[in-house]
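> Positions 69 to 260 (this note's numbering) are the ones given, in order, by the sequence shown.
Beta carbons are placed, not taken as given, at the ideal position from N, Cα and C, and that holds for glycine.
Here the structure is a predicted model, which means the values were calculated and not measured.
Take a look at this one; I'll ask things after.
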Amino acid sequence: MEIKVALVLMASGAGRRFGANKLLRTVDGLPLVRRVMAACPPELFTPPLVVSRYPEILSLAEELGYTPIFNSGADEGISATVRLGTAAAQAAGADGALFAVADQPWLTRASVERVIAAFASHPDTIPALSWQGKKGNPCLFPKEFFPELSALTGDTGGGAVIKAHRDRLRLVEAHSPAELLDVDTPADLVQH
């Protein structure tokens with residue numbers, strides 16, 4: 069039986085520290101969000117979801133084969149994105165959902181595929197990309213955790229669920245530490 073993994077690409081952040089919508093900022097010739105989409109291509113997921121407050125990101129997502137979900141509650145914090153993505157993954161009958169952040173421009177498809185493979189071989193675990201024993205993103209939650217993810221509020225993400233179930237966390241080593249870096253300020257793009 070093939071395992072159905074939903075993608076929840078979280079692209080709703082306000083980018084306050086960046087000073088603008090950083091997801092459209094070009095990194096090595098491609099908008100930041102496009103680089104993450106390339107690492108999480110729609111063909112790997114059932115369904116591939118992009119949750120965002122930005123119409124331009126939602127239309128780009130649709131154009132590239134993702135299912136766009138408008139996040140009207142983005143100002144509440146990350147939990148609004150998590151709840152929307154979890155509800156759509158659950159409605160699609162997914163066995164699990166991979167939550168990826170849209171501001172990790174150096175994430176690779178190979179690492180995403182390894183997280184999915186870790187879930188396929190150990191479907192009772194929460195695989196997460198890591199570097200030298202330190203958990204990063206993306207993280208893949210089995211459907212048994214959908215109710216807990218759906219109950220999150222405020223600026224709280226899946227990390228709260230992992231803290232409550234540390235014994236289920238399965239670290240998947242990235243190919244390089246750069247894959248786990250996210251972009252919070254323009255300086256983060258220069259440092260890489």
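Quick check on this structure: which residue in 170, 161 and 132 has the alpha carbon closest to the alpha carbon of residue 149?
Residue 170 is the option with its Cα nearest to residue 149.
> For the pair the region 217 to 229 and the region 175 to 186, tell me if three or more CB-CB distances fall below 8 Å.
As far as the Cβ criterion goes, the region 217 to 229 does not touch the region 175 to 186, which means the pair count is below three.
> Rounded to a whole number of angstroms, what is the C-alpha to C-alpha distance between residue 243 and residue 198?
Their Cα atoms are separated by approximately 9 Å.
> Could you tell me the alpha carbon to alpha carbon distance between residue 176 and residue 158, rounded to whole angstroms?
Approximately 26 Å, taken between the alpha carbons.
> Measuring CB to CB, does residue 114 end up less than 9 Å from residue 76?
Cβ atoms of residue 114 and residue 76: not closer than 9 Å.
> For residue 119 versus residue 105, is the C-beta distance shorter than 9 Å?
Not a contact, by the Cβ cut-off of 9 Å.
> In or out: residue 193 buried (at least 16 other Cβ within 10 Å) or exposed?
Classification for residue 193: buried.
> Taking only the alpha-carbon atoms, compute the straight-line gap between residue 215 and residue 174 and give it to the nearest angstrom.
Using only the alpha carbons, I get a separation of about 31 Å.
> Take residue 137 as the anchor and find which of 152, 231 and 246 has the nearest alpha-carbon.
Closest option to residue 137, Cα to Cα, is 152.
> Round the Cβ separation of residue 155 and residue 218 to the nearest angstrom and send it over; I've been treating them as touching at under 8 Å.
Their Cβ separation, rounded to whole angstroms, is 7 Å, which keeps residue 155 and residue 218 in contact under 8 Å.
> Label residue 247 either buried or exposed according to how many other C-beta atoms from any shown protein chain fall within 10 Å of its C-beta, with 16 as the threshold for buried.
With 16 or more other Cβ atoms within 10 Å, it is buried.
> How many Å lie between residue 240 and residue 123 at the Cα?
Using only the alpha carbons, I get a separation of about 33 Å.
> Can the beta-carbon of residue 144 be found closer than 9 Å to that of residue 235?
No; because the gap between Cβ atoms is not below 9 Å, this pair is not in contact.
> Which term fits residue 200, buried or exposed, when burial requires 16 or more other beta carbons within 10 angstroms of its beta carbon?
It counts as exposed.
> To the nearest angstrom, report how far apart residue 195 and residue 116 are at their CA atoms.
Their backbone Cα atoms lie some 18 Å apart in a straight line.
> For residue 147, which residues of its own chain have a beta-carbon under 8 Å away from its beta-carbon, when the five flanking residues on both sides are left out?
For residue 147, where only same-chain residues beyond five positions count, the Cβ hits under 8 Å are 220, 221, 222, 223, 224 and 225.
> Using beta-carbon positions only, say whether residue 191 and residue 161 come within less than 9 Å of one another.
Against a cut-off of 9 Å, the Cβ pair of residue 161 and residue 191 comes out as no contact.
> Between residue 81 and residue 107, what straight-line distance do the alpha-carbon atoms span, to the nearest angstrom?
When rounded, the distance between both Cα atoms is 19 Å.
> Can you tell me the Cα-Cα spacing of residue 140 and residue 103, whole angstroms?
Their backbone Cα atoms lie some 24 Å apart in a straight line.
> Grab me the residues of residue 250's own chain with a C-beta within less than 7 Å of its C-beta, minus the 5 sequence neighbours each way, in chain order.
Only 169, 171 and 172 meet the Cβ criterion.
> Specify the secondary structure class of residue 227 as computed by DSSP and reduced to three states.
Note: residue 227 maps to helix in three-state DSSP.
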